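To start, the structure under review is shown below, and the notes come after it.
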Ligand SMILES: NC(=O)c1ccc[n+]([C@@H]2O[C@H](COP(=O)([O-])OP(=O)(O)OC[C@H]3O[C@@H](n4cnc5c(N)ncnc54)[C@H](O)[C@@H]3O)[C@@H](O)[C@H]2O)c1
């Protein structure tokens with residue numbers, strides 16, 4: 034139930050103009066950096082963060098276009114100070130003082146591609162940014178959007194370990210899977226999507242995406258002939274968008290919404306708000322996979338408590354079993370990449 038309350042608050046802070054205009058010092062100084070801020074996700078994500086009264090400093094980093102994006106956003110009448118940083122020479126400067134770093138840098142999918150096909154390009158982009166974070170803002174919460182998340186999160190963690198930094202504040206952003214599950218369940222049940230909360234666990238690719246409809250709030254149930262296609266639709270929803278965009282990229286607007294929801298919840302937890310829960314792909318001992326997404330209770334230092342799998346239906350337990358081989362191999366691929374880095 035508290036998850037729903039937090040969600041509603043996030044929606045309010047994402048959308049409420051009056052809150053922006055009239056709230057004054059309701060919270061601490063909160064400095065957020067967006068890496069890959071000029072991209073399809075980066076721009077609307079930065080817009081939503083600029084619109085949040087909880088963000089006081091917004092640093093925008095990319096290899097192109099950030100001066101323009103920053104100038105544009107800086108005219109919005111909200112208190113966040115916006116600064117653009119462009120090119121590798123300004124990477125470290127963009128991270129100074131950052132408490133939350135959101136990373137949507139990297140190439141998106143085109144039709145026919147899997148997320149793993151992005152590995153070769155995105156692995157080194159994420160590793161480079163993580164190296165800079167480990168050096169400049171090792172205490173910051175790292176929210177990784179860049180795909181394949183099942184490998185980029187282990188990459189960032191291994192980079193941190195190599196640099197002697199603590200990898201416990203590294204989070205894979207899988208929120209879009211939850212957002213999609215909520216929407217699709219609401220469609221089938223005739224509910225308001227904003228009142229639905231369905232945890233999605235595992236990872237962020239194909240069969241590793243595991244919606245837990247048995248733990249949905251409000252309680253819902255589906256006959257087998259509906260549950261299977263619903264599960265497959267949630268797992269393939271990213272591909273639905275990639276196909277519809279026909280070569281022009283993958284989900285950007287819904288991802289920006291989901292990324293902002295996640296980052297703002299992390300900020301709320303930093304501000305001491307209680308009961309902030311989001312699913313996230315993190316280092317985990319919940320299953321035999323070294324990283325696994327489950328609902329996480331967030332606190333001032335990141336993970337306050339991993340809430341684990343909960344009670345799974347037989348159908349869901351089988352999905353977990355089926356996901357583990359792919360998850361473990363994607364995790365290993367990320368670890369090997371860092372082990373072989375010069
Ligand atoms: N986690 C999720 O649920 C989810 C959902 C959708 C997309 N994604 C992923 O997010 C990533 C970004 O997608 P997009 O649609 O915004 O792509 P995009 O190509 O529109 O934007 C990517 C941005 O990253 C920048 N960039 C490239 N190399 C960089 C570097 N070395 N340092 C900093 N910035 C760099 C580019 O200049 C560009 O502005 C992709 O990997 C995509 O697969 C994740």
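Numbering (the numbering used here), first residue to last: 34 to 375.
Idealized CB from N, CA, C, for every residue including glycine.
This structure is a prediction, so every number in the text was calculated from the model and none was measured.
Beta-bridge partners of residue i, as assigned by DSSP
i, result
"residue 392", "Any answer about residue 392 is impossible in this case: the structure gives the chain only from 34 up to 375."
"residue 311", "329"
"residue 290", "Answer is none; residue 290 lacks a bridge partner."
"residue 379", "This structure does not reach residue 379, given that the chain is present from 34 up to 375, and the question cannot be answered."
"residue 339", "329"
"residue 90", "64 and 114"
"residue 230", "250"
Beta-carbon spacing of residue i, residue j below 8 Å
i, j, result
"residue 303", "residue 132", "yes"
"residue 176", "residue 204", "yes"
"residue 210", "residue 237", "yes"
"residue 144", "residue 280", "yes"
"residue 119", "residue 67", "no"
"residue 138", "residue 179", "yes"
"residue 319", "residue 329", "no"
"residue 274", "residue 289", "no"
Alpha carbon of residue i to alpha carbon of residue j, nearest angstrom
i, j, result
"residue 359", "residue 183", "9 Å"
"residue 193", "residue 223", "45 Å"
"residue 291", "residue 191", "26 Å"
"residue 259", "residue 354", "21 Å"
"residue 146", "residue 107", "36 Å"
"residue 75", "residue 293", "10 Å"
"residue 212", "residue 357", "23 Å"
"residue 243", "residue 151", "22 Å"
"residue 344", "residue 61", "38 Å"
"residue 154", "residue 254", "41 Å"
"residue 225", "residue 267", "18 Å"
"residue 140", "residue 286", "16 Å"
"residue 149", "residue 181", "6 Å"
"residue 127", "residue 363", "30 Å"
Same chain, Cβ closer than 7 Å to residue i, five either side skipped, listed in chain order
i, result
"residue 295", "176, 206, 208 and 311"
Close beta carbons around residue i, own chain, < 6 Å, minus the five adjacent residues each side
i, result
"residue 369", "none"
"residue 367", "184, 187 and 188"
"residue 229", "215, 218 and 219"
"residue 232", "245, 248, 312 and 328"
"residue 117", "93, 99, 100 and 103"
query = Are there three or more Cβ pairs, one per stretch, closer than 8 Å when the region 67–78 is compared with the region 97–113?
reply = The answer is yes - the region 97–113 touches the region 67–78, with three or more Cβ pairs under 8 Å.
ask   = If we count Cβ pairs, one from each stretch, closer than 8 Å, do we get three or more for the region 186–206 versus the region 154–170?
value = Cβ pair count under 8 Å is three or more, so yes.
ask   = How do the region 102–112 and the region 80–94 stand: do at least 3 beta-carbon pairs fall below 8 Å, yes or no?
value = Verdict: yes, contact present.
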